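Enquirer: Positions in the sequence shown are counted from 1; adding 8 to them yields the working numbering. Here a beta-carbon is modelled for each residue, glycine too, at the ideal position from N, C-alpha and C. Keep in mind that this is a model prediction, so the values were computed, not measured.
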Amino acid sequence: MDITPKPKVYITREIPERGMKIIRERFDVEIWPDPMPPPKKTIIQKVKEVDALVPMATDPIDKEVMEAAPKLRIIAQLAVGYENIDIEEATRRGIYVTNTPGVLTEATADLAFALLMAIARGIVEKDKYIRRGEWKVAGHPMLFLGQQIYGATLGIVGLGRIGSAVVRRAKGFGMKVLYYNKEPRPDLEAELGAEYADLNVLLQKSDFVSLHTPLKKETYHMIGERELRLMKKTAFLINTSRGNVVDEKALCRALKEGWIAGAALDVFEREPIPVDNPLLKLDNVIVVPHIGSATYETRSRMTELVAENLIAFFEGKIPPSLVNREVLKTR
Ligand code: GLV
Numbered sequence: 009m010d011i012t013p014k015p016k017v018y019i020t021r022e023i024p025e026r027g028m029k030i031i032r033e034r035f036d037v038e039i040w041p042d043p044m045p046p047p048k049k050t051i052i053q054k055v056k057e058v059d060a061l062v063p064m065a066t067d068p069i070d071k072e073v074m075e076a077a078p079k080l081r082i083i084a085q086l087a088v089g090y091e092n093i094d095i096e097e098a099t100r101r102g103i104y105v106t107n108t109p110g111v112l113t114e115a116t117a118d119l120a121f122a123l124l125m126a127i128a129r130g131i132v133e134k135d136k137y138i139r140r141g142e143w144k145v146a147g148h149p150m151l152f153l154g155q156q157i158y159g160a161t162l163g164i165v166g167l168g169r170i171g172s173a174v175v176r177r178a179k180g181f182g183m184k185v186l187y188y189n190k191e192p193r194p195d196l197e198a199e200l201g202a203e204y205a206d207l208n209v210l211l212q213k214s215d216f217v218s219l220h221t222p223l224k225k226e227t228y229h230m231i232g233e234r235e236l237r238l239m240k241k242t243a244f245l246i247n248t249s250r251g252n253v254v255d256e257k258a259l260c261r262a263l264k265e266g267w268i269a270g271a272a273l274d275v276f277e278r279e280p281i282p283v284d285n286p287l288l289k290l291d292n293v294i295v296v297p298h299i300g301s302a303t304y305e306t307r308s309r310m311t312e313l314v315a316e317n318l319i320a321f322f323e324g325k326i327p328p329s330l331v332n333r334e335v336l337k338t339r
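(1) At what residues does the alpha helix (DSSP H) containing Y304 begin and finish?
(2) In angstroms with no decimal places, state the Cα-to-Cα distance between V37 and R193.
(3) Helix, strand or coil: how does DSSP classify V283 here?
(4) If I follow the unbroken alpha helix (DSSP H) through T338, where does it start and stop?
(5) Could you spell out the range, first to last residue, of the alpha helix (DSSP H) harbouring V175?
(6) Is any non-hydrogen atom of ligand 1 found closer than 7 Å to the C-beta of T108, if you look at the structure I gave you?
(7) Would you grab the beta carbon distance between M310 and T113 for me? Rounded to a whole angstrom, and I think it's under 8 Å.
(8) Taking 6 Å as the limit, name every residue whose beta carbon sits nearer than that to some heavy atom of ligand 1, in sequence order.
(9) Anyone know if the C-beta pair for K71 and E57 falls short of 8 Å?
(10) Is there a C-beta anywhere in chain C that falls below 8 Å from the one on L330?
(11) Rounded to the nearest angstrom, what separates E203 and T50 at their Cα positions?
(12) Leaving aside the five residues before and after Q155 along the sequence, list all residues of the same chain whose C-beta is less than 8 Å from its C-beta, in chain order.
(13) Take the Cβ of L59 as the centre, count every other Cβ of all protein chains shown within 10 Å, and call the residue buried at 16 or more, exposed below.
(14) Can you tell me the Cβ-Cβ gap for G166 and H229, rounded? I've got them flagged as a contact below 8 Å.
(15) Could you tell me which residues DSSP pairs with G270 in its beta bridges?
(16) Taking the beta strand (DSSP E) that E191 belongs to, which residues open and close that run?
(17) Does K14 come out as helix, strand or coil in the three-state DSSP assignment?
(18) Taking just the CA atoms, how far does I11 sit from I83?
(19) Output needed for R250: all residues of its chain with C-beta closer than 6 Å, excluding positions within five of it in sequence on either side, in chain order.
(20) Expressed to the nearest angstrom, what Euclidean distance is found between the alpha-carbon atoms of L119 and P13?
(21) Taking three-plus beta-carbon pairs below 8 Å as touching, is the stretch 297 to 308 in contact with the stretch 20 to 29?
(22) Curious, which full-length beta strand (DSSP E) runs of at least 3 residues does the stretch 10 to 72 contain?
(23) If you reduce the DSSP assignment to three classes, tell me which class L80 lands in.
(24) Starting from T221, trace the alpha helix (DSSP H) both ways and give me its first and last residue.
(25) Report the residue ranges of all beta strand (DSSP E) runs contained in full by the stretch 83 to 129; include only those spanning at least 3 residues, in chain order.
(26) Flag this pair as yes or no: are the beta carbons of L123 and I294 separated by less than 8 Å?
(27) Taking the beta carbon of G4 as the centre, do at least 16 other beta carbons fall within 10 Å, making it buried, or is it exposed?
(28) If contact is defined by three or more beta carbon pairs under 8 Å, each pair taking one atom from either stretch, is the stretch 278 to 291 in contact with the stretch 314 to 321?
(29) Report the rounded CA-to-CA distance for G266 versus L211, giving the unit in angstroms.
(30) DSSP has I164 in a bridge; who is on the other side?
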């Protein structure tokens, strides 16, 4: 009989059962039961005794939280982005940080492409138009015109896993693809049929610009007034990365004043986006509530990966998606 106590884990939301079942078998689990995120002071109080923490990307996991958690050894985030976690502080304390890359790539790329298609053809706006009872004229050749996707140029900002998956979709739609990445990726260019372009050139030449960069100091407000003014007046911006990559105030002006044709957004500077945000007043904007990875299958795979990361760690192995590899030098 194994009498070793199970490691304690605190999970900051209810998560899909497929991963939960595995975690429950191996860990002593406590879950924050409300749909609203736990207040930071609750997290601080809950981590006091835990060996592991499973946060969401909306939970701030900073020095103060880590200080309150003397036994904490791993933060296994349920998200690919981890800008909410102070990685340096975690590494300094020998705390492993893991995320959920790979398993959400295709779902997020699907959403980016769905937004691209919806904004190009005004799907949401036209749906509302019909429901308002305004469709009075059928078959007129000058009405309801949108932008062509086939043959258009797509600019991908950030050619990582998700950016590359969007390129694969774009190729199926006969698009020409430019990409900008901090480091050019000649290894991927031939396989994907994408051409490297400086960010300014990409913005000037693309009919659709889709953002796939993580949020870091260098990417905060990477798309601001200057960049939006470089884009074509007929071009669309698609953002499924992080809201803060775009200066929302500048975007709002760009959309109002016609510097660009429209934007389709899954992410915002503040989430949930306040209903009085002026972006929501504009017809040339499509918004969805941060649902890139929100499919049943993907969310289940994400929780399984969280479980795999936790189990590997407590078995003394390197977790499959370790973010702070430098921590290996400390423990
Ligand atoms: C979602 O935004 C994620 O980072 O997984």
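Expert: Quick look at the numbers:
(1) Y304 to F322
(2) 42 Å
(3) coil
(4) V335 to T338
(5) R169 to G180
(6) yes
(7) Contact flag wrong, Cβ pair sits at about 11 Å.
(8) A65, A87, V88, G89, L112, G300 and S301
(9) no
(10) Any reference to chain C falls outside this structure, which holds one protein chain only.
(11) 48 Å
(12) A128, R129, D215, T242, F244 and A269
(13) According to the sequence provided, residue 59 is Asp. The question's Leu does not apply to it. Per the 10 Å Cβ criterion, buried.
(14) So it is not a contact: roughly 15 Å between Cβ atoms.
(15) F244
(16) Element bounds for E191: n/a, residue is neither H nor E.
(17) coil
(18) 25 Å
(19) L223 and V275
(20) 42 Å
(21) yes
(22) 16 to 19, 36 to 39 and 60 to 62
(23) coil
(24) Segment: none, T221 is in no alpha helix (DSSP H) and carries neither H nor E.
(25) 104 to 106
(26) yes
(27) Only positions 9 to 339 of the chain appear in the structure, and residue 4 is not among them; the question remains open.
(28) no
(29) 15 Å
(30) Y187 and S218
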